[in-house]
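Residue numbers 684 to 1090, in the working numbering, belong to the letters of the sequence shown in order.
Quick reminder that beta carbons are idealized off the backbone N, C-alpha and C, glycines included.
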Amino acid sequence: MCRVSIIIPIYNQEKYLEECLGSVVRQDIADCQVILIDDGSTDSSKEICKRYVENHPVFQYIFKENSGLGSARNTGLDYAEGDYVLFVDSDDALAPNCLNTLVDYMAVNELDILYVDEMICDEQLRVLGVNPTFPYMQTIIKREQALEFCMQPSHICSRLYKRELFRDIRFENIWYEDMAAFPELISKSERIGYFKAPVYYYRQHKEAITQDDTNTGNLDVIKAWDKGIGLPLLSEEERNSLAKAVIKSVATFLFFKMKYAGEYIAWYQRVLEGRVSAWQKTCAWREAAVWQEDYPLLQQAKMVQDRQLADRLMILKKLYLEGGVYYFAEHDADKEALGTEHLSLIRKPELELYSIEVKPGSAALYRVNEESRKQNLIARNGERKVFVLEKILVQAFMEFGCPVRIF
């Protein structure tokens, strides 16, 4: 009996493949199947794979003409025989001796999907941090919760699946094809679980698709999710959760794909705007906070087409994620207004500046002289300057769940 099929698509990954396959060999489960799908590699990946096949009977190697990651995963599913399926990218790795525990956990809890956390690593697979795939602590996840957070920055490899889910589901030949499949996979699941442990090593390197800020693949994902709202197995509450994820995704990607904002905006105006107009009349969540925070952000989407805002956004994102000390000129803010649980004011008399210490998970924007619409200097980190931003940026930080005060 085969308990789990591990599917590893491969394309010219000789640099990282040995480390990936070695991590699979170090698992504590014998009744498994490891399917290596070579998507037309032209480097030494083939030789590496064949060596593992010769030394480990559970490994099998399939070579196919290059046709993309989604097609390679589909081929792996065609060969899969296990009760469960795990996808592993050929430049990533698994934590030692974790798979048997995960498979047992799925079986005991009768799960269709099991979320696990990712360890974010550098090119040498040194751990930089942990990426939780789900924001709650409970071990059993409602479908509407899974749908609402299906746009989180994690991918299909940080989940274990019951193979039966893929009977009628295959990956599309688009960028981020794994994320596009989430709504349908979730819609077919009866029980979804969360095993809060970082067991998947996700390697960040310059060749990775997800590190490329010049592609527009996110739009393919959003379109797929938009179609997913009509899936027949979803309840109204679940459709609303997915609709919320779609709106939040468009809003988020507008800021991090600034170069292609026009394409997102055009799609939104053509397709999504009509849809949300209908949702306003029918959906229970039309009065919810998302309607006040996310939809107005999209209504003002044209305001973010200015590429010059990109650097400022990234500084604010860094401030939000990491905290730090940022300085502002004394006359640019009302100092009496400062002093919250997130912010503290520090006097720098030698510079005639005040500094603001920002804790992670918070941010503040300072607006002065609004009548003249001047871009007044409000903060400084060394010689890097940050200027007053439009109101839409405040909404962007609220989108991230970030407390914002404007002075």
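- Message: Does the segment 779-797 come into contact with the segment 729-742, if we say contact requires no fewer than three beta-carbon pairs (one atom in each stretch) closer than 8 angstroms?
- Response: no
- Name the one or two DSSP bridge partners that Gly876 has. For the purposes of this step, residue 876 is taken as residue 193 along the sequence shown, with counting starting at 1. Answer is Leu797, Ile823.
- Task: Give the secondary structure of Gly812 by DSSP, where H, G and I count as helix, E and B as strand, and everything else as coil.
- Result: What you label residue 812 is simply residue 129 of the sequence shown in a count that begins at 1. Looking at Gly812 - three-state DSSP - the assignment turns out to be strand.
- Message: Considering Cα atoms alone, identify which of Cys685, Thr758, Asp714, Ile691 is closest to Ser706.
- Response: Taking the first residue of the sequence shown as position 1, residue 706 is located at position 23. The candidate whose alpha carbon is nearest that of Ser706 is Ile691.
- Message: Once DSSP output is grouped into helix, strand and coil, what is the label at Glu1033?
- Response: As a working note, residue 1033 is residue 350 in the sequence shown. Because the pLDDT of Glu1033 is 45, which lies under 50, any placement of that residue in the model is unreliable, and the number read from its coordinates should be weighed accordingly. Three-state DSSP puts Glu1033 in coil, outside helix and strand.
- Message: Just to confirm, is the Cβ distance from Ile718 to Gly759 under 8 angstroms?
- Response: In the sequence shown, counting from the first residue as 1, residue 718 sits at position 35. In the sequence shown, counting from the first residue as 1, residue 759 sits at position 76. The answer is yes: Cβ separation under 8 angstroms.
- CA-CA distance, Arg886 and Glu806? As a position in the sequence shown, residue 886 is number 203, starting the count at 1. As a position in the sequence shown, residue 806 is number 123, starting the count at 1. About 6 angstroms.
- Task: Taking Cys703 as part of the alpha helix (DSSP H), name the residues at either end of that continuous run.
- Result: Sequence index remark: in the sequence shown, residue 703 carries index 20 (1-based). 697-708 is the extent of the alpha helix (DSSP H) around Cys703.
- Work out the CA separation of Pro866 and Glu921 for me, nearest whole Å. Residue 921 sits at position 238 when you count from the first residue of the sequence shown. Residue 866 sits at position 183 when you count from the first residue of the sequence shown. Going by the C-alpha atoms only, they are around 10 angstroms apart.
- What whole-angstrom Cβ distance do Asp800 and Asn814 have, given they're in contact under 8 angstroms? Numbered from 1 along the sequence shown, position 117 holds the residue referred to as residue 800. Numbered from 1 along the sequence shown, position 131 holds the residue referred to as residue 814. That pair is a contact at about 7 angstroms.
- Out of Ile869, Phe878, Ser841, state which residue places its alpha-carbon closest to the alpha-carbon of Glu831. Reading the sequence shown from its first residue, position 148 is the one you call residue 831. Nearest option by C-alpha distance: Ile869.
- Query: Helix or strand or just coil, what does DSSP make of Phe865?
  - Reply: Walking along the sequence shown from the start, residue 865 turns up at place 182. In the structure shown, Phe865 sits in a helix (DSSP, three-state: H, G or I).
- Item | Helix, strand or coil at Asp722 according to DSSP, with G and I counted as helix | Translated into positions along the sequence shown, residue 722 becomes position 39. Coil, per DSSP.
- Cβ of Lys747 within 8 angstroms of Cβ of Ile720? On the sequence shown, position 64 is the one that residue 747 refers to. On the sequence shown, position 37 is the one that residue 720 refers to. Taking 8 angstroms as the Cβ cut-off, Lys747 and Ile720 qualify as a contacting pair.
- Task: In the DSSP assignment, find the unbroken alpha helix (DSSP H) run with Tyr735 in it and report its ends.
- Result: For the purposes of this step, residue 735 is taken as the residue at position 52 of the sequence shown. From DSSP, the alpha helix (DSSP H) with Tyr735 extends over 728-738.
- Task: Compare the beta carbon distance of Gly765 and Asn749 with 8 angstroms and say whether it is the shorter of the two.
- Result: In the sequence shown, residue 765 corresponds to position 82, counting from 1. In the sequence shown, residue 749 corresponds to position 66, counting from 1. Contact: no.
- Exposed unless 16 or more other CB atoms sit within 10 angstroms - verdict on Met802: Within the sequence shown, residue 802 is the residue found at index 119, counting from 1. Met802 is buried by the Cβ-count criterion.
- When Gln821, Arg874, Met684, Asp775 are compared against Asn792, the one with the closest alpha-carbon: As a first step, residue 792 must be located in the sequence shown, where it is residue number 109. Out of Gln821, Arg874, Met684, Asp775, Arg874 has the C-alpha closest to the C-alpha of Asn792.
- Can you give me the Cβ contacts of Gln821 inside the same chain, cut-off strictly under 8 angstroms, excluding the 5 residues immediately before and after it? Residue numbering aside, residue 821 sits at position 138 when the sequence shown is read from its first letter. Closer than 8 angstroms at the Cβ level, and outside the excluded window around Gln821, lie Tyr877.
- Task: Using the Cα positions of Glu702 and Gly753, report the straight-line distance between them to the nearest angstrom.
- Result: Counting from one through the sequence shown, the residue named residue 702 turns up at place 19. Counting from one through the sequence shown, the residue named residue 753 turns up at place 70. Cα to Cα, the separation comes out at about 23 angstroms.
- Message: Can you give me the C-alpha to C-alpha distance between Gln696 and Ile839, rounded to a whole angstrom?
- Response: One-based indexing of the sequence shown puts residue 696 at position 13. One-based indexing of the sequence shown puts residue 839 at position 156. About 19 angstroms.
- Message: Could you tell me the alpha carbon to alpha carbon distance between Gln710 and Ser727, rounded to whole angstroms?
- Response: Here the question's residue 710 lines up with position 27 in the sequence shown. Here the question's residue 727 lines up with position 44 in the sequence shown. Their Cα atoms are separated by approximately 24 angstroms.
- Indicate the three-state DSSP secondary structure (helix, strand or coil) for Cys840 in the structure shown. Stepping through the sequence shown from its first residue, residue 840 is reached at position 157. In this structure, Cys840 counts as helix in the three-state DSSP scheme.
- Query: By DSSP, does Leu917 sit in helix, in strand, or in coil?
  - Reply: Looking up residue 917 in the sequence shown gives position 234. In the structure shown, Leu917 sits in coil (DSSP, three-state: anything other than H, G, I, E or B).
- Query: Where do the N-terminal and C-terminal ends of the beta strand (DSSP E) with Tyr694 fall, by residue?
  - Reply: Looking up residue 694 in the sequence shown gives position 11. Counting along the chain, Tyr694 falls outside any beta strand (DSSP E), and DSSP gives it neither H nor E.
- Where does Met684 sit, in a helix, a strand or coil, going by DSSP? For this step, residue 684 is matched to residue 1 along the sequence shown. Note: Met684 maps to coil in three-state DSSP.
- Who does Arg886 pair with in a DSSP beta bridge? Along the sequence shown, one-based indexing puts residue 886 at 203. In DSSP, Arg886 forms a bridge with Cys804.
- Check whether the Cβ atoms of Cys715 and Ile693 sit closer than 8 angstroms, and answer yes or no. Taking the first residue of the sequence shown as position 1, residue 715 is located at position 32. Taking the first residue of the sequence shown as position 1, residue 693 is located at position 10. No, Cβ-Cβ distance for Cys715 and Ile693 is not below 8 angstroms.
- Message: Quick check on Ala829: does DSSP put it in helix, strand or coil?
- Response: The residue you call residue 829 lines up with position 146 of the sequence shown. Ala829: helix per DSSP, three-state reduction.
- Item | Proximity below 8 angstroms, CB of Ser773 to CB of Leu843 | Working through the sequence shown from its first residue, we reach residue 773 at position 90. Working through the sequence shown from its first residue, we reach residue 843 at position 160. In this structure, Leu843 does not lie closer than 8 angstroms to Ser773 by Cβ.
- Task: Along the beta strand (DSSP E) that carries Val741, what are the first and last residues, could you check?
- Result: For the purposes of this step, residue 741 is taken as the residue at position 58 of the sequence shown. Neither: Val741 is in no beta strand (DSSP E) and is coded neither H nor E.
- Query: Under the rule that 16 or more other beta-carbon atoms within 10 Å means buried, what is Ile824, buried or exposed?
  - Reply: Counting from 1 along the sequence shown, the entry for residue 824 is found at position 141. Per the 10 Å Cβ criterion, buried.
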